[in-house]
Amino acid sequence: MKIFKTVKVVATATVVAAALNMTGFTYAVSSTAAHGIKDFKIAAHNGKVSKAQVAVAVRRGYKGVVPRITPKPSPMYPNCYNARFMYKGELKRVTFNCSKGNTELTMLTR
């Protein structure tokens, strides 16, 4: 009887932990959905794009921002970068070279 009660408690704790974990994961996925993120192109020099090139492109389109740039390479898009920054009190997210689009970031395209 004691073993049955222990198994029951452990199973309940596991189910509760899994439910809480899935709730947090669902919230994180929905809050970072990629459908609202604009993708822009940067020309690769010698086959590679650097973080400095991405930073310069962001600063040209959005004056006075300090972007946080993270590489997101994939086999299909090896020069893919994500950039996040605050612009006029709002968090903005853009990507570079992560799709087949040809739009370049300028003051008119932001």
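Mind the numbering: the sequence shown is residues -28 to -1, 1 to 82 in mature numbering (1 follows the signal peptide of the UniProt record, and there is no 0), read in order.
For each residue, glycine too, the CB sits at the ideal point set by N, CA and C.
Keep in mind the model is a prediction, meaning the values are calculated, not measured.
- Annotated three-state conformation of K20 is strand, per DSSP.
- N74 and K44 have their C-alpha atoms spaced approximately 18 Å apart.
- Under the DSSP definition of a beta bridge, Y53 partners with P43 and F68.
- The secondary-structure analysis by DSSP pairs E62 across a beta bridge with Y59.
- Boundaries of the beta strand (DSSP E) harbouring K10: K10 to F12, taken from the DSSP string.
- The C-alpha of V66 lies about 52 Å from the C-alpha of K(-24).
- Residue state for K35 is assigned as coil, using DSSP reduced to three classes.
- Looking at A24, E62, Q25 and A15, the one whose alpha-carbon comes closest to that of K72 is A15.
- Straight through space, the alpha carbons of K(-27) and T(-17) are spaced by roughly 15 Å.
- Counting other Cβ atoms within 10 Å of its Cβ, P47 stays below 16 and is therefore classed as exposed.
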